[in-house]
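For reference, the structure is listed below as structure tokens.
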Amino acid sequence: MAILFRSTPAATARWRPLLGELMPEHEFRFWPEIGDPAAIEYAMVWQPPPGLLASLPNLRLICGLGAGIDHLLRDPELPRHVPILRLVDPYMTDAMSEYVALQVLRLHRQDLDYLAQQRAQIWEEREQKNGAERPVGILGFGTLGQDAGRKLHALGFPVAGWSRTAKEIAGFATYAGADGLDALLAKSEILVCLLPLTAATESILNAGLFARLPRGAGLVNAGRGGHLVEADLIPALDAGRLSGAVLDVVREEPLPAGHPFWSHPRIIVTPHIAAETHPPTAAAIIRDAIRRFAAGQPVANLVDPAQGY
Ligand code: NDP
Ligand code: OXD
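Here it is in structure tokens:
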């Protein structure tokens with residue numbers, strides 16, 4: 208019985224030494240050297256090439272190496288009968304909350320304006336609110352959204368969360384569904400997207416949505432590039448409808464050279480690093496899940512492909 212590992216070359220180099228040590232009972236096959244496909248029962252994968260998983264006739268469990276599974280579901284040949292485990296790692300959750308707190312604070316404290324002033328050697332105060340006066344809305348109030356929400360709340364921001372199904376969570380205003388979205392947008396001076404990319408959330412960040420936010424709202428997208436209609440962003444910023452946007456994810460990654468997002472003064476781009484998979488913690492989580500699965504015990508964080516996340 209073997210486990211297939213497939214990720215980027217850089218990630219593979221970081222995982223490789225850990226895997227043999229943590230799971231000596233398994234033989235690892237590192238893509239593209241997969242050997243006899245029939246021997247592979249488990250796959251640990253990030254962005255597998257289309258058809259790779261379908262070529263493994265005895266595959267029992269697909270372990271995604273990220274929190275999102277859109278990279279798996281876009282494979283038209285994905286073997287739909289094989290269960291999918293997504294990665295839920297408190298280390299990554301902390302990382303995402305750090306990122307969200309940083310970027311929300313940058314937007315809240317007018318960091319883009321002060322950086323521009325510094326470049327122009329302008330020493331000038333700007334009017335500043337407190338966090339308690341800056342409502343933040345989080346689209347996607349799941350594992351990552353709720354943790355980020357708690358940490359923003361601890362910093363003093365009023366936080367509201369939007370999810371697919373209704374929730375009651377002490378300390379937060381919560382909204383669900385299309386009607387709930389309008390109510391959340393109406394009061395979100397900073398909007399954070401931590402949604403999974405699904406048919407229902409694709410292109411959700413568009414001109415129509417920006418128009419429902421308070422004028423001059425800030426945007427942080429750390430969900431997926433496919434959430435944003437890229438052509439709508441710069442016009443919204445240039446018109447003052449939005450005051451700034453932080454993008455950790457974009458439709459084409461890496462962001463192509465010369466793309467207008469690189470140089471727009473009111474856009475901050477980071478290279479999909481908000482919450483990177485952390486092999487030392489992730490490997491132990493996946494090892495435990497595989498052991499439970501192999502023993503026929505219940506496994507947490509198996510996803511429903513029909514739901515899309
Ligand atoms: P979860 O599944 O825990 O949470 C997803 C949340 O989105 C849930 O609250 C869910 O609602 C909500 N949601 C899903 N579909 C809809 C919809 N149609 N309308 C409203 N709400 C919806 O996922 P995580 O928090 O772990 O991760 C979220 C995403 O973050 C990942 O899918 C990935 O795209 C992105 N990510 C980005 C990273 C980065 O480095 N930039 C790193 C890790 C993840 P409900 O609670 O009702 O199910
Ligand atoms: C993830 C990611 O989904 O890193 O984990 O984007």
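Whatever position you read off the sequence shown (first residue = 1), add 207 for my numbering.
Even glycine gets a Cβ: it sits at the ideal position worked out from N, Cα and C.
Bear in mind that the values here come from a model prediction, so they are computed numbers and not experimental data.
Rounded distance between the beta-carbons of residue j and residue i, thought under 8 Å
i      : j      : result
Arg293 : Val510 : 5 Å
Val399 : Val311 : 7 Å
Arg431 : Ala452 : That belief does not hold up - the Cβ atoms of Arg431 and Ala452 are roughly 15 Å apart, past 8 Å.
Asp282 : Pro244 : Not a contact, Cβ separation roughly 16 Å.
Leu416 : Thr408 : Not confirmed; about 11 Å, so no contact.
Ala308 : Leu351 : The Cβ separation is near 12 Å, so there is no contact.
Leu268 : Leu285 : Between Leu285 and Leu268 the Cβ distance is about 13 Å, and since that is not below 8 Å, they are no contact.
Ile441 : His466 : 11 Å between Cβ atoms; not a contact.
Val343 : Ile411 : That pair is no contact at about 17 Å.
Residue of the options minimising C-alpha distance to residue i
i      : options                        : result
Phe237 : Ser214, Leu229, Val476         : Ser214
Met208 : Asp445, Pro403, Asn265, Leu420 : Asn265
Pro224 : Asp389, Leu444, Ala383, Pro486 : Pro486
Glu334 : Pro342, Leu346, Tyr321         : Tyr321
Lys358 : Asp301, Ala393, Pro342         : Asp301
Ala393 : Ala355, Leu211, Arg341         : Arg341
Gly338 : Arg326, Gln325, His360         : His360
Pro512 : His288, Gln324, Trp469         : His288
Leu426 : Lys336, Ala327, Glu248, Leu346 : Leu346
CB contact flag (residue i, residue j, <8 Å)
i      : j      : result
Gly423 : Ser450 : yes
Arg419 : Glu437 : no
Gly271 : Leu279 : yes
Thr484 : Gly275 : no
Met303 : Ala490 : no
Asp296 : Thr488 : yes
Asn428 : Leu454 : yes
Trp253 : Ala218 : yes
His434 : Leu404 : yes
Ala414 : Asp445 : no
Leu226 : Ala250 : no
Ala373 : Ala385 : no
Gly515 : Ala406 : yes
Gln325 : Glu331 : no
| So does the region 313-333 actually touch the region 278-292, counting three or more Cβ pairs closer than 8 Å? | With a cut-off of 8 Å, the region 278-292 and the region 313-333 do not count as touching, because too few Cβ pairs lie within range.
| query | Okay, do the region 378-386 and the region 349-369 touch, 3+ Cβ pairs below 8 Å being the bar? | reply | Counting Cβ pairs under 8 Å, three or more are found: they touch.
| message | If you measure from each CB to the nearest heavy atom of the ligand OXD and keep those under 5 Å, what residues do you get, in chain order? | response | Sorted by chain position, residues whose beta-carbon lies closer than 5 Å to a non-hydrogen atom of the ligand OXD are Gly273, Ala274, Gly275.
| request: For the region 490-498 and the region 215-233, state whether three or more C-beta atom pairs, one from each stretch, are separated by less than 8 Å. | output: With a cut-off of 8 Å, the region 215-233 and the region 490-498 count as touching, because enough Cβ pairs lie within range.
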